[in-house]
Amino acid sequence: MINNIYNKDVIKLAADISGLEQIDNACSRISLRSPLCGSSIEVAIVVKDTIITGYSQKITACALGQASASIMASAVKGKSRNNIITVRDQVKVMLNSGVINLERDWIQLACLAPAREAKARHGAILLPFDAVLKAFGELENN
Numbered sequence: 586m587i588n589n590i591y592n593k594d595v596i597k598l599a600a601d602i603s604g605l606e607q608i609d610n611a612c613s614r615i616s617l618r619s620p621l622c623g624s625s626i627e628v629a630i631v632v633k634d635t636i637i638t639g640y641s642q643k644i645t646a647c648a649l650g651q652a653s654a655s656i657m658a659s660a661v662k663g664k665s666r667n668n669i670i671t672v673r674d675q676v677k678v679m680l681n682s683g684v685i686n687l688e689r690d691w692i693q694l695a696c697l698a699p700a701r702e703a704k705a706r707h708g709a710i711l712l713p714f715d716a717v718l719k720a721f722g723e724l725e726n727n
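Using this note's numbering, the first residue of the sequence shown is number 586, and each one after it goes up by one.
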């Protein structure tokens, strides 16, 4: 089971993580920690007209969380809060039922489907999505 979860695609994505460059003009910066697995992420976003135009992250997580963050960094620009909610919900369905129905820009997330049985890792996989949504929430509260 462990070999399926930490497959070559997951390892490649985790090793090739982007979005690590700090952005100085962020509209929102947040930190978030997954209480179950202890993974943590710091996210900064730049938003113009409800669309993410800039993104940076710093993540401490297992390879699954890092792979998810890598995909987030490569796909998040040009997306709205509602886009992120939709994809997060699609990932939850994938992790809970095994049904893979991801939008085109996010199809790489399918490599995380074998983590379905590793419920303790779901928080790490969802952490980048929850962090971006929290960052949007901070913008709405200001």
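Don't be surprised by glycine CBs; every beta carbon is placed ideally from N, CA and C.
query: Does the beta-carbon distance from Ile630 to Cys612 come in below 8 Å?
result: yes
task: Measure the Cβ-Cβ separation of Gly650 and Leu712 and say whether it is below 8 Å.
output: yes
- request: Tell me, to the nearest whole angstrom, how far the beta carbon of Asn610 is from that of Pro699; I am working on the premise that it is less than 8 Å.
  value: About 38 Å separates the two Cβ atoms, so there is no contact after all.
query: Which term fits Gly722, buried or exposed, when burial requires 16 or more other beta carbons within 10 angstroms of its beta carbon?
result: exposed
message: Rounded to whole angstroms, what is the Cα-Cα separation between Asn667 and Ser603?
response: 23 Å
C-beta atoms of Ser641 and Gln607 nearer than 8 Å: yes
message: Relative to the C-alpha of Asp594, which candidate in Ile656, Asn726, Ala709, Val632 has its C-alpha closest?
response: Ile656
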